[in-house]
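Student: The opening position of the first sequence corresponds to residue 0 in numbering that gives the first Met the number 0, with each subsequent residue numbered one higher. Cβ coordinates follow ideal geometry from the N, Cα and C atoms, glycine included. Structure below; questions to follow.
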Amino acid sequence: MRWSQYFMPTSKEAPSDADTISHKLMSRAGLIDKTSSGVYTYLPAGYRVLRKVEDIVRKEMNRTGAIEILMPALQPANLWKESGRLDKMGEEMIRFTDRHKRLMLFGPTHEEVVTDIVRKNYNSWKQLPVILYQIQTKFRDEMRPRFGIVRSREFLMKDAYSFEMNEEGLDISYGKMKEAYKNIFSGCGLDFSIQQADSGVIGGKFSEEFVAKGECPELEVGHIFKLGTQYSESMKAFFVDRNGEEKPFIMGCYGIGVSRIVAAAIEGNYDEKGIIWPVSIAPFKVIVIPANTENSQMLETAEKLYKSFTDSNIEVLLDDRNESAGSKFADADLCGIPLWVIVGRKITEGKAEIRIRRGRKSEDVETGRVIEWVSDFLNR
RNA sequence: CGGGGCGUAGCGCAGUCCGGUUUAGCGCGCAUGGUUUGGGACCAUGAGGUCCUCGGUUCGAAUCCGAGCGCCCCGACCA
0 MRWSQYFMPT SKEAPSDADT ISHKLMSRAG LIDKTSSGVY TYLPAGYRVL RKVEDIVRKE
60 MNRTGAIEIL MPALQPANLW KESGRLDKMG EEMIRFTDRH KRLMLFGPTH EEVVTDIVRK
120 NYNSWKQLPV ILYQIQTKFR DEMRPRFGIV RSREFLMKDA YSFEMNEEGL DISYGKMKEA
180 YKNIFSGCGL DFSIQQADSG VIGGKFSEEF VAKGECPELE VGHIFKLGTQ YSESMKAFFV
240 DRNGEEKPFI MGCYGIGVSR IVAAAIEGNY DEKGIIWPVS IAPFKVIVIP ANTENSQMLE
300 TAEKLYKSFT DSNIEVLLDD RNESAGSKFA DADLCGIPLW VIVGRKITEG KAEIRIRRGR
360 KSEDVETGRV IEWVSDFLNR
């Protein structure tokens, strides 16, 4: 991507309504744009990060054997009447009446829908266990949205639901999810802990939450629940066991705040100059910075390197803006790109400077060996 | 939902208390020209405003009064 043609509006000052580090930095680095209270647009670089987190989540979920589906955000309220949660969720649920006077809602979570799907399509113990998951936008009309995307009214969540024939099965699935969650959070560069928690509105008998450590309050990024038969009984979701008897599914549900991981990753990885992205979720792995765009040798070398990175499938941003070097460095710091390739004065000796954002170590490397150096670094 | 605060140019703010030299300003950003180019360069010129909205008071309202809308912070709840 060429910065001059990209859409990553950085700024020196954060909007006055931004209070926390992640909110300020996401605004300043041009990752998000506020549309309304608790409602955000992901700008291109922010969206790239979000998709990377999504990919990590998807990869780990698939590895457990969970199957990805996509449920509707729009749900009929009658499913919620069945489960008895229509009133429990209260005002937090965004609801409206459609033209046929049916009560509809925008899903804050999907236990009801998935239970409905499973009761219609699964009926024998031979088909079990099954874990279904999705990555999808959830809607919750929070009393007080805050901290930017940390508590927003519309957010991206990974929610998985396991269906078992017995408690032992539930324990196994729960354990698999717990392991997958550890891989996901550490894969996204989060420092986290696991705590026993209250099951809240979701219900169930046992739950643990994954909490990201940061200097602003602790951030809950994942929550796993052993639900039992609460939903399957109320919604009459039964299967036939090996003795020919009808039994309710034993359920578990497992949530990850995908968009919240982005904020948590920033809260745990920044310095006074800006974001320090973990390599795994950085919007770009490398930024190529010609120190002076007016200098044709620097610009041409930078263009060549840019092309080589692109050809090598290394996600690269070329800062071809006609700005002062200092201003570009400041932006590169702010945006947290893990590796910088600075094409500056040393170009007369055929060298470029490679700098690592985290720790600020740098090294002069012959331009011909830059790609190799970077590939080695990224493969470590 | 309880308590508090804010709304003036794209962003950050001053001006509001005490109405009138304010032709509504400053910084950043933006445009044009020139000089610059390794840590947010400089000079010159310029564009950009329903002072949140509606109503009221007044000879006169960004400024006073009322209502509404929007936004933020603290609390309880959440991924």
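K284: which of N378, I171, K177 and N77 sits nearest, CA to CA?
Tutor: Nearest of N378, I171, K177 and N77 to K284, Cα basis: N378.
Student: Are D319 and R1 close, meaning C-beta to C-beta below 8 Å?
Tutor: yes
Student: Which same chain residues, not among the five before or five after G367, have their C-beta less than 8 Å away from its C-beta?
Tutor: G349
Student: Could you tell me which whole beta strand (DSSP E) segments of length 3 or greater appear in the region 93-167?
Tutor: 93-96, 102-105, 129-138 and 153-163
Student: In three-state terms, what does DSSP make of G221?
Tutor: Here G221 sits in strand by DSSP.
Student: According to the neighbour-count rule (16 or more other Cβ atoms, all chains shown, within 10 Å of its Cβ), is R356 buried or exposed?
Tutor: buried
Student: Near K204, which residues of its chain fall below 7 Å by C-beta distance, leaving aside the five closest residues on each side in sequence?
Tutor: K225 and G227
Student: Look at the Cβ atom of L169, then the Cβ atom of E178, and state whether they are nearer than 8 Å.
Tutor: no
Student: State the DSSP-derived secondary structure class of M176, mapped to helix, strand or coil.
Tutor: Per DSSP, reduced to three states, the secondary structure at M176 is helical.
Student: Contact defined as beta carbons within less than 8 Å: I believe V342 pairs with V287. What is the distance between those atoms, to the nearest angstrom?
Tutor: 7 Å
Student: Could you tell me the alpha carbon to alpha carbon distance between V340 and A351, rounded to whole angstroms?
Tutor: 7 Å
Student: Can you check the region 18-88 for any alpha helix (DSSP H) of at least 4 residues that lies completely inside it and give the ranges in chain order?
Tutor: 20-27, 43-62, 76-82 and 85-88
Student: Over what stretch of residues does the beta strand (DSSP E) that includes K246 continue unbroken?
Tutor: First-last of the beta strand (DSSP E) with K246: E245 to P247.
Student: Taking 8 Å as the limit between beta carbons, can you name the residues of its chain near N210, skipping five residues before and five after?
Tutor: Residue 210 is actually Val in this sequence, not Asn. The residues are F191, S192, I193, Q194, E217, L218, E219 and V220.
Student: Measuring alpha carbon to alpha carbon, tell me which residue in F184, I223 and Y173 is nearest A196.
Tutor: The shortest CA-to-CA distance from A196 to any of F184, I223 and Y173 is the one to I223.
Student: How about A262 and I280: are their beta carbons less than 8 Å apart?
Tutor: Not in contact: A262 and I280 (Cβ atoms no closer than 8 Å).
Student: Provide the residue span of the alpha helix (DSSP H) that contains Q229, from first to last.
Tutor: Q229 to S233
Student: Inspect the CB distances between the region 106-122 and the region 65-73 and report whether three or more fall short of 8 Å.
Tutor: yes
Student: For a test of the three-state rule: what should DSSP assign to E365, helix, strand or coil?
Tutor: strand
Student: Can you grab the Cα-Cα spacing for the pair M156 / R241, in whole Å?
Tutor: Cα-Cα distance, rounded: 35 Å.
Student: Measuring alpha carbon to alpha carbon, tell me which residue in I313, I55, I116 and L333 is nearest R27.
Tutor: L333
Student: Among V38, V278, S15 and D158, which one has its Cα closest to the Cα of C187?
Tutor: V278
Student: Which residue comes first and which comes last in the alpha helix (DSSP H) that contains A262?
Tutor: Run containing A262: V257 to G267, per the alpha helix (DSSP H) assignment.
Student: On a Cα-Cα basis, can you pick out the residue from T347, E371, I336 and I116 that is closest to R354?
Tutor: I336
Student: Return the CA-CA distance between V52 and Y5, expressed in angstroms with no decimal places.
Tutor: 21 Å
Student: So, at 7 Å on beta carbons, what are the nonlocal neighbours of D97 in its own chain, with the 5 sequence-adjacent residues on each side left out?
Tutor: M103
Student: Report the three-state DSSP secondary structure of R344 (helix, strand or coil).
Tutor: helix
Student: By a C-beta neighbour count over all protein chains shown, 10 Å radius and 16 as the cutoff for buried, is N268 buried or exposed?
Tutor: buried
Student: So the candidates are D270, N312, E322 and T300; which of them puts its Cα closest to the Cα of R359?
Tutor: Nearest of D270, N312, E322 and T300 to R359, Cα basis: D270.
Student: Kindly list the residues whose CB is nearer than 7 Å to the CB of N291, restricted to its own chain and excluding five residues on each side of it in sequence; keep chain order.
Tutor: M297 and A324
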